[in-house]
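In our numbering, the protein residues as written are 7 to 340.
Note that CB positions come from ideal geometry on N, CA and C, so glycine has one too.
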Amino acid sequence: MQGKILLLTMFLYSCSTMKRPELYTQTEYWKKYNDYLPKDLQYKDTNLPVETYWKWKNFSIHIDKMNADDSPVKVIILHGAGGNGRVIGFFGNYLNKLGYEYLAPDLIGYGLTKNPNKINIKYDEWVNCVSDLVDEEYRKDKKPIVLFGLSVGGMLAYQVASKNSRIKGIIVTTLADPREQKVRDDLSKNKFLSRIGLPIGSFTKPISDHLSLPIKWLSKMDRITNDKDFSKVFSQDRFAGGSKVRLRFLRTYMTFKPAKEPEQFDDCSVLFLQPEKDTWTTLETSKPFFDKIKSEKKLVILENCGHAPYEEPGLTTMKIEIQKFLNEQNNCRQ
């Protein structure tokens with residue numbers, strides 16, 4: 007009886023929805039991140055990104071962007087399971103000060119992106135959406151495009167690059183392949199979920215695929231930074247780490263196969279920035295996949311940085327390496 011009550015409670019909770027505002031300027035929560043970030047990464051009223059929507063299939067994708075007419079490279083920043091375009095856009099804010107144009111989309115299910123028909127998406131839609139966004143942006147001005155993926159956005163960047171030849175480089179902070187059991191263990195809240203709970207979803211998908219659960223119940227959201235108070239800002243953000251995820255999305259994420267495996271991938275260069283003190287996805291989480299990549303690649307350790315890298319001296323190292331990497335793409339026009 008208690009089990010039935012628990013299942014009913016989970017089902018009713020999973021069915022609850024929230025109304026999303028049109029713009030981040032209509033909300034206040036994202037400003038809390040400023041309390042923990044160094045000044046040159048903070049948003050100010052004088053340097054806020056332009057907010058736009060891009061119609062993609064049945065979705066309205068919210069995009070934060072900062073233009074730079076003379077930017078030789080266009081950067082698309084991809085968030086992971088605990089962020090959104092506004093949260094991780096503070097890295098783009100810094101890049102824009104250097105003269106680079108950037109876009110930071112809210113991927114489906116996160117941020118202010120609209121899913122009016124409440125479509126129960128597969129993970130594949132994230133990959134297809136970003137790939138189509140790359141094509142859309144390339145058509146505008148033919149500028150080389152670099153993807154910058156943080157957290158699981160790193161593997162997303164790779165997966166998109168493996169199917170879209172327009173991408174001239176990828177920058178990642180993780181390359182966690184969830185098809186591997188160790189990676190599932192590292193990403194999941196606990197080993198019961200990674201080894202029993204989530205695999206069972208493959209057999210119960212007619213029912214479980216429709217459930218929505220808080221991402222912080224399923225993952226180590228408390229390790230997104232090494233400051234527990236800052237991590238709470240992420241996990242309590244209803245448009246980021248405090249959001250819910252459909253189990254169908256999670257199930258298809260764990261089994262997604264890229265268009266090219268790393269042994270065959272030589273399409274673009276890869277800059278892997280591993281935070282030294284990342285207790286969520288360590289170097290051992292990503293290095294097996296990174297080592298297999300055939301293309302030109304570079305691994306840099308960000309000293310003293312946690313999963314979301316903002317600490318010194320690693321932050322300065324990251325800035326230097328990203329600028330060098332982007333400069334190398336300046337002569338890569340098709």
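For residue i, does the three-state DSSP call read helix, strand or coil?
i: Leu18; result: Only weak support exists for where Leu18 lies, its pLDDT of 43 falling under 50; the value from the coordinates is given anyway. Helix, per DSSP.
i: Tyr35; result: helix
i: Pro150; result: coil
i: Glu107; result: strand
i: Ser275; result: strand
i: Ser200; result: helix
i: Glu302; result: coil
i: Trp60; result: strand
i: Gln165; result: helix
i: Asp70; result: strand
i: Gln329; result: helix
i: Gly348; result: The first residue shown for the chain is 7 and the last is 340, placing residue 348 beyond what the model contains.
i: Pro184; result: coil
i: Phe345; result: In the structure as shown, the chain starts at 7 and stops at 340, and residue 345 therefore has no counterpart that could be examined.
i: Gln280; result: strand
Closest to residue i by CA distance: which of the options is it?
i: Ser214; options: Ser225, Arg252 and Val166; result: Arg252
i: His68; options: Leu101, Ala110 and Thr231; result: Ala110
i: Thr119; options: Ala246, Phe262, Tyr259 and Ala314; result: Ala246
i: Gly175; options: Pro184, Lys234, Ser301 and Lys45; result: Ser301
i: Ser275; options: His313, Lys283, Leu332 and Thr261; result: Leu332
i: Asn64; options: His85, Ile125, Gly88 and Leu47; result: Ile125
i: Pro78; options: Asn102, Tyr42, Ile94 and Gly91; result: Asn102
i: Asn170; options: Glu143, Tyr259 and Tyr100; result: Glu143
i: Thr180; options: His85, Lys71 and Lys263; result: His85
i: Tyr39; options: Phe240, Gly105, Lys330 and Lys80; result: Phe240
i: Ala182; options: Phe278, Lys283, Glu309 and Gln335; result: Phe278
i: Tyr108; options: Asn90, Ile151 and Trp36; result: Ile151
i: Pro264; options: Ser137, Leu217 and Asp228; result: Ser137
i: Thr52; options: Gly312, Ile173, Met72 and Val306; result: Met72
i: Ile94; options: Gly105, Leu217, Glu186 and Asp112; result: Asp112
Is residue i buried or exposed, if buried means 16 or more other CB atoms sit within 10 Å of its CB?
i: Ile299; result: buried
i: Gln32; result: exposed
i: Pro184; result: buried
i: Asn99; result: buried
i: Gln8; result: In this predicted model, Gln8 has a pLDDT of only 39, less than 50, meaning its place in the structure is not dependable enough to derive any value.
i: Asp272; result: exposed
i: Pro261; result: Note that residue 261 is Thr in the sequence shown here, rather than Pro. Thr261 should be labelled exposed.
i: Ser157; result: buried
i: Lys250; result: buried
i: Asp75; result: exposed
i: Lys80; result: buried
i: Thr231; result: buried
i: Asn90; result: buried
i: Pro27; result: exposed
i: Phe97; result: buried
i: Phe154; result: buried
i: Lys222; result: buried
The stretch 185 to 203 contacting the stretch 281 to 290, beta-carbon criterion three pairs below 8 Å
yes
Can you confirm whether the stretch 291 to 299 touches the stretch 316 to 323 when touching is taken to mean that 3 or more C-beta pairs between the two stretches lie within less than 8 Å?
no
For the stretch 50 to 67 against the stretch 256 to 271, are there 3 or more C-beta pairs whose distance is under 8 Å?
no
Starting from the N-terminal side, write out each stretch of the alpha helix (DSSP H) that is 4 residues or longer and does not extend beyond the stretch 226 to 257.
234 to 241
Does the pairing of the stretch 160 to 174 with the stretch 129 to 137 give three or more beta-carbon distances under 8 Å?
yes
I'd like to know if the stretch 33 to 46 and the stretch 67 to 82 are in contact, where contact means that at least 3 CB-CB pairs between them fall below 8 Å.
no
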